[in-house]
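Participant: Sequence lines, in order, name chains B and A.
Anchor point for the first sequence: position 361 equals 773 in the working numbering, and the numbering is continuous, going up by one each time.
Anchor point for the second sequence: position 75 equals 93 in the working numbering, and the numbering is continuous, going up by one each time.
Where a beta carbon is used, it is the ideal one built from N, C-alpha and C, also for glycine.
Let me begin by handing over the structure; questions about it come next.
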Amino acid sequence: MEPAEAKLIRAGKKIRDALDDGNAAEELRAERNRLVETITMRNGRASRWRGLSLFPGWRGIFVGGGAAVAVGVAVLLWLQIPISFRIAGGALPGAGGVPGRTGDVVEADARASTALQFSEGSSIVLDKGSRLRVLSTESNGARVLIESGRADVAIAHRGTRKARWRFEAGPVAIAVTGTKFRVDWNPKDLTFGLELSEGSVIVSGDCLPGPRTVTGGGSLRLSCLPSGVARTVAAATPTAGEDEMEAEAIEGPARAAAPARRETKLAHVDGETWQALVAAGHYGDGLRAAERVGFARVCRTAAAVELLALADAARLSGRTARAVEALTVLRQRFPGSLHASTAAFALGRVAYERRGDYNEAARWFATYLDEQPSGPLMGDAVGRLMEARHRAGERAAARRDAERYLQRFPEGPYAGTARAIMFE
Amino acid sequence: MVTPLTFARGDENLIDALRSGHPGAAAAFYDQHAAAIRRTLQSVLGADAEIPDLLQEVFIRAIDRIGELQHLEQVRSWLTTIAVFTARAHIRRLARRKWLFLFSPDQTRQNHRDPTSSDALLALRETYRILDKIPANERMTFVLRFVEGMTLPEAAQACGVSLATFKRRLSRAEKRFLREVRERPLLEQWLEEGTRWSLQKQS
Numbered sequence: 413m414e415p416a417e418a419k420l421i422r423a424g425k426k427i428r429d430a431l432d433d434g435n436a437a438e439e440l441r442a443e444r445n446r447l448v449e450t451i452t453m454r455n456g457r458a459s460r461w462r463g464l465s466l467f468p469g470w471r472g473i474f475v476g477g478g479a480a481v482a483v484g485v486a487v488l489l490w491l492q493i494p495i496s497f498r499i500a501g502g503a504l505p506g507a508g509g510v511p512g513r514t515g516d517v518v519e520a521d522a523r524a525s526t527a528l529q530f531s532e533g534s535s536i537v538l539d540k541g542s543r544l545r546v547l548s549t550e551s552n553g554a555r556v557l558i559e560s561g562r563a564d565v566a567i568a569h570r571g572t573r574k575a576r577w578r579f580e581a582g583p584v585a586i587a588v589t590g591t592k593f594r595v596d597w598n599p600k601d602l603t604f605g606l607e608l609s610e611g612s613v614i615v616s617g618d619c620l621p622g623p624r625t626v627t628g629g630g631s632l633r634l635s636c637l638p639s640g641v642a643r644t645v646a647a648a649t650p651t652a653g654e655d656e657m658e659a660e661a662i663e664g665p666a667r668a669a670a671p672a673r674r675e676t677k678l679a680h681v682d683g684e685t686w687q688a689l690v691a692a693g694h695y696g697d698g699l700r701a702a703e704r705v706g707f708a709r710v711c712r713t714a715a716a717v718e719l720l721a722l723a724d725a726a727r728l729s730g731r732t733a734r735a736v737e738a739l740t741v742l743r744q745r746f747p748g749s750l751h752a753s754t755a756a757f758a759l760g761r762v763a764y765e766r767r768g769d770y771n772e773a774a775r776w777f778a779t780y781l782d783e784q785p786s787g788p789l790m791g792d793a794v795g796r797l798m799e800a801r802h803r804a805g806e807r808a809a810a811r812r813d814a815e816r817y818l819q820r821f822p823e824g825p826y827a828g829t830a831r832a833i834m835f836e
Numbered sequence: 019m020v021t022p023l024t025f026a027r028g029d030e031n032l033i034d035a036l037r038s039g040h041p042g043a044a045a046a047f048y049d050q051h052a053a054a055i056r057r058t059l060q061s062v063l064g065a066d067a068e069i070p071d072l073l074q075e076v077f078i079r080a081i082d083r084i085g086e087l088q089h090l091e092q093v094r095s096w097l098t099t100i101a102v103f104t105a106r107a108h109i110r111r112l113a114r115r116k117w118l119f120l121f122s123p124d125q126t127r128q129n130h131r132d133p134t135s136s137d138a139l140l141a142l143r144e145t146y147r148i149l150d151k152i153p154a155n156e157r158m159t160f161v162l163r164f165v166e167g168m169t170l171p172e173a174a175q176a177c178g179v180s181l182a183t184f185k186r187r188l189s190r191a192e193k194r195f196l197r198e199v200r201e202r203p204l205l206e207q208w209l210e211e212g213t214r215w216s217l218q219k220q221s
């Protein structure tokens, strides 16, 4: 006679199987939204209370001193309260919009722009289909990440008090003190654009040799791709008026483009021109030139952006081992840099596309996300991580990634794959 | 459209982020554990219409009490314990409503979702009618052990009792369940073999 426990285990499994209904995914999504709303409202109430509190943790109790001291302290603390903002336009209800929260992705509808109005008078108008995040706020400014698309920014002057704003778009940062400008960022081809109406800003980043000031009427366009590769993909040779590296940042309306400057910017290795060959799209020749000099020596001495270009050249030439070598050295020599994280992403691509090692690929994409949770390749990394985990047989993890991806990028390039994974 | 910040880091960073009130952490925490917790609630309660509300309750409690989490690797079992206690409180509320029904039938409502004509769902309804007769603490032991498939130590931890106490309660629940099932031969047959079963034949 079969033991009772064995019968019950079998019965329990049947009960479990019968309980699985088809509503789980939809119900979980609905409840997720409800939970986020509940937590948001609670956090909003708590932060308003903290903002009003004179002494943190004391819940607004006045102690000691006279009325004048209390008023002085109140003014001082009021000046320290971070600015707030509201989001209006598109599908958001009400003329006044909704309160914004730091960290949330704000995405403008495909048909209409969305406006962010800050409590101290500054504003950002997000172009149709564009995305940004307000990463943090302070009493005299905020830090904003342009994830993709275009935004028109007007930073209010605050009298004697200096405004302090910082805008980030991929690897480019704009320090703003009081100005109007338009910024755009394309995370797919890593191009950055800035047009300044008034005031001045300082632009810096990994794809600039140093910080650059742009003043009223000036503009700046950058490609932050590794040197040469983008040009080869987009066109066979550079043409007049185009410059894949950098347009001169100037004062006034004129623009200077200097393709020849690209050669002088490239690092030299004993006079060899492997960089120029790679930049011109001659990957095999460029790789051989680097090997003639000594591939290991090149890896030890080249700049980070050059190592990325070399790794791309090796990958596109089918020389996977050289690509891995260049990327690995890059991560060792430039730890913590954006290029090192880009190398992690590239290592993931090599593992996925060239070696079919999906576990390894997943590890590298996860590394990128760990190092650059807001990085320019974040969307791609989440999508590729999902695919790699799915291929590696980690179905549960892939489903979680898929749900995360769709929450974040419902119309993104991996959305179709994500839906297929979630409902298989 | 405004979307909460995606949180792409590991559990350790997520717990820290929850403690500091990171805007996207609650969503990420939910994404990681909601499906499993929903399943646990279902195992304990069956097809209960209040499971969505109970799921909310579990996560809000967990987020409120995240500071109590001692060991990172226990986050799932800690959440499961919260779910078990939430489900138990719900069962006791339902039991009190049944008393209310005796005096004011109009004030209570059916809690279970209406079954379809599927044999499996009819069998499920009968199974949970049996479980409704078993005291809440014993019912917990039974469903965690046999429906959720937990090991004895895991299930005892989720119930917040010693292994010895858990085994005693489980033994009582097993005997009760088997006795009830033996009085329903068709349900017994379905549980054992998965053959067609019908309420009409049973009555």
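Helix, strand or coil: which one does DSSP assign to SER560(B)?
Facilitator: Three-state result, SER560(B): strand.
Participant: Would you check if the distance between the CB atom of THR98(A) and the CB atom of ALA44(A) is smaller than 7 Å?
Facilitator: It is not a contact, given that the beta carbons lie outside the stated cut-off.
Participant: How should ALA442(B) be labelled, buried or exposed, when 16 other C-beta atoms within 10 angstroms of its C-beta is the threshold for buried?
Facilitator: The residue in question, ALA442(B), is exposed, as its Cβ has fewer than 16 Cβ neighbours within 10 Å.
Participant: Does the Cβ of ARG83(A) have 16 or more other Cβ atoms within 10 Å, making it buried, or fewer, making it exposed?
Facilitator: Exposed, because fewer than 16 other Cβ atoms sit within 10 Å of the Cβ of ARG83(A).
Participant: DSSP puts ASN771(B) in a beta bridge; with which residues?
Facilitator: Answer by DSSP bridge pairing: none, since ASN771(B) is not bridged.
Participant: Pull up the distance between the alpha-carbon of LEU139(A) and that of LEU431(B), whole angstroms please.
Facilitator: LEU139(A) and LEU431(B): Cα-Cα distance of roughly 8 Å.
Participant: Verify the CB distance criterion: does LEU209(A) have a CB-CB separation below 7 Å to chain B?
Facilitator: Output row for LEU209(A): interface = yes.
Participant: Taking all protein chains shown into account, decide if GLU559(B) is buried (16 or more other Cβ within 10 angstroms of its Cβ) or exposed.
Facilitator: By the 10 Å Cβ count, GLU559(B) comes out buried.
Participant: Strictly by DSSP, which residues pair up with PHE103(A)?
Facilitator: Bridge partners of PHE103(A): none, in fact.
Participant: If I measure Cβ to Cβ from LEU149(A) and keep anything under 6 Å in the same chain, skipping five residues before and after, which residues do I get?
Facilitator: Answer for LEU149(A): ARG157, listed in chain order.
Participant: Which term fits PHE160(A), buried or exposed, when burial requires 16 or more other beta carbons within 10 angstroms of its beta carbon?
Facilitator: With 16 or more Cβ atoms within 10 Å of its Cβ, PHE160(A) is classed as buried.
Participant: Would you say VAL93(A) reaches chain B, if we count a Cβ-Cβ gap shorter than 7 Å as a contact?
Facilitator: Judged by the 7 Å Cβ criterion, VAL93(A) is not in contact with chain B.
Participant: Taking 7 Å as the threshold (beta carbon to beta carbon), is PRO70(A) in contact with chain B?
Facilitator: So yes, PRO70(A) belongs to the interface.
Participant: Do we get a CB-CB distance below 7 Å when we pair ALA423(B) with the residues of chain A?
Facilitator: Yes, because at least one Cβ of chain A sits closer than 7 Å to the Cβ of ALA423(B).
Participant: Considering just the uninterrupted stretch of the alpha helix (DSSP H) at ALA46(A), what are its terminal residues?
Facilitator: From DSSP, the alpha helix (DSSP H) with ALA46(A) extends over 43–63.
Participant: Do ALA755(B) and ARG743(B) come within 7 Å of each other at the CB atom, strictly closer than that value?
Facilitator: Their beta carbons are under 7 Å apart, which means ARG743(B) touches ALA755(B) by this criterion.
Participant: One question on the structure: do ILE499(B) and GLY515(B) come within less than 7 Å of each other, judged by their Cβ atoms?
Facilitator: Result no, Cβ atoms of ILE499(B) and GLY515(B) do not sit closer than 7 Å.
Participant: Figure out for me which residue from SER631(B), ALA437(B), GLY805(B) and TRP577(B) has the closest Cα to the Cα of ASN552(B).
Facilitator: Comparing Cα-Cα distances from ASN552(B) to each of SER631(B), ALA437(B), GLY805(B) and TRP577(B), the minimum goes to TRP577(B).
Participant: Quick test of your reading: LEU632(B) and VAL615(B), contact by CB under 8 Å. State the CB separation rounded to the nearest angstrom.
Facilitator: Sure, about 6 Å apart at Cβ, within 8 Å.
Participant: Would you identify the three-state DSSP class for GLN784(B), choosing helix, strand or coil?
Facilitator: Coil at GLN784(B), not helix or strand.
Participant: Between which two residues does the alpha helix (DSSP H) carrying ILE78(A) extend?
Facilitator: Unbroken alpha helix (DSSP H) run through ILE78(A): 69–82.
Participant: With DSSP as the reference, please indicate the residues paired to SER612(B) in a beta bridge.
Facilitator: Note: SER612(B) sits in a beta bridge opposite THR627(B).
Participant: To which residues of the same chain is ARG736(B) closer than 7 Å at the C-beta, ignoring the five residues directly before and after it?
Facilitator: According to the sequence as given, residue 736(B) is Val; it is not Arg. Within the same chain, VAL736(B) has close Cβ partners LEU759 and VAL762.
Participant: Please classify ALA714(B): does DSSP put it in a helix, a strand, or coil?
Facilitator: ALA714(B): coil per DSSP, three-state reduction.
Participant: Determine, for GLN60(A), whether the minimum Cβ-Cβ distance to residues of chain B falls below 7 Å.
Facilitator: GLN60(A) counts as touching chain B.
Participant: Listed in chain order, which residues of the stretch 790–823 of chain B have Cβ atoms closer than 7 Å to some Cβ of chain A?
Facilitator: Per Cβ criterion, the list reads VAL794, ARG812, GLU815, ARG816, GLN819 and ARG820.
Participant: Classify ILE536(B) as helix, strand or coil using the three-state DSSP reduction.
Facilitator: Strand, per DSSP.
Participant: Looking at chain A, is there any beta carbon in it that lies within less than 7 Å of the beta carbon of ARG428(B)?
Facilitator: So, interface residue.
Participant: Anyone know if the C-beta pair for LEU797(B) and ASP813(B) falls short of 7 Å?
Facilitator: Cβ distance < 7 Å, so LEU797(B) and ASP813(B) count as in contact.
Participant: Taking the alpha helix (DSSP H) that SER189(A) belongs to, which residues open and close that run?
Facilitator: Its alpha helix (DSSP H) spans residues 181–200.
Participant: Where DSSP assigns a beta bridge to VAL741(B), which residues make up the other side?
Facilitator: Beta-bridge pairing links VAL741(B) to no other residue.
Participant: Residues in the same chain with beta-carbon distance under 6 Å from ARG545(B), minus the five sequence neighbours each way, listed in chain order, please.
Facilitator: Hits under 6 Å: VAL517 and LEU557.
Participant: Closer than 7 Å by C-beta to GLU206(A): which residues in its own chain qualify, once you throw out the five before and the five after it? Chain order, please.
Facilitator: These residues qualify, in order along the chain: VAL199 and ARG200.
Participant: Just verifying my parser: in three-state terms, what is the DSSP assignment at LEU547(B)?
Facilitator: Of the three classes helix, strand and coil, the one that applies to LEU547(B) here is strand, per DSSP.
Participant: Give me the residue from GLU439(B), PRO494(B) and SER496(B) with the minimum Cα distance to GLN74(A).
Facilitator: If we check each option's Cα against that of GLN74(A), GLU439(B) comes out closest.
Participant: May I ask which residues mark the beginning and end of the beta strand (DSSP E) holding ILE586(B)?
Facilitator: Per DSSP, ILE586(B) belongs to the beta strand (DSSP E) from 584–588.
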